[in-house]
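For the sequence shown, the residue numbers in the working numbering are 524 to 635.
Virtual Cβ for every residue (Gly too), placed ideally from N, Cα, C.
Keep in mind that this is a model prediction, so the values were computed, not measured.
Here's the structure, in structure tokens; my notes come after.
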Amino acid sequence: MIAWLSGQGIEARRRESHPGVWVGRDKICALGLHLRRGVSMHGFALNLTCGLGGYTGFVPCGITDGGVTTLAALCDRAPEPWEAADAVGDAILKAIFDTPGPLDYRDEAEGT
Numbered sequence: 524m525i526a527w528l529s530g531q532g533i534e535a536r537r538r539e540s541h542p543g544v545w546v547g548r549d550k551i552c553a554l555g556l557h558l559r560r561g562v563s564m565h566g567f568a569l570n571l572t573c574g575l576g577g578y579t580g581f582v583p584c585g586i587t588d589g590g591v592t593t594l595a596a597l598c599d600r601a602p603e604p605w606e607a608a609d610a611v612g613d614a615i616l617k618a619i620f621d622t623p624g625p626l627d628y629r630d631e632a633e634g635t
């Protein structure tokens with residue numbers, strides 16, 4: 524995620540003791556992992572263009588020394604969700620398999 528955001532001109536990073544991906548003191552991406560009965564479930568939530576008003580009623584992830592931001596707030600044009608999903612998917616596959624993208628991972632998953 525950090526590498527993909529860098530390609531968008533965003534300087535993102537990890538923060539020690541704080542999960543997720545951060546731009547300055549603001550979280551742009553939440554990451555999750557759940558293990559149950561030997562099965563892992565994982566995912567992420569990247570803030571592209573969402574309104575941040577919903578975050579005023581609670582402290583996201585219990586982290587009081589940071590806020591929340593969106594890609595749209597940080598650059599001229601945030602990609603459409605489908606554009607971001609394809610590009611981030613390719614970046615994740617490249618990071619995992621060290622394979623140049625773009626990769627057509629949908630065909631393999633569908634068995635075609």
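Residue burial classification, T592 (beta-carbon count within 10 angstroms, cutoff 16)
Burial of T592 is indicated by the presence of at least 16 other C-beta atoms within 10 angstroms of its C-beta.
Test item: CB-CB of A535 and A553 under 8 Å
no
What are the boundary residues of the alpha helix (DSSP H) that P604 is part of?
P604 to F620
Distance, Cα to Cα, G530 vs E539?
Looking at the two C-alpha atoms, the distance is approximately 23 Å.
DSSP three-state label for A553, please.
strand
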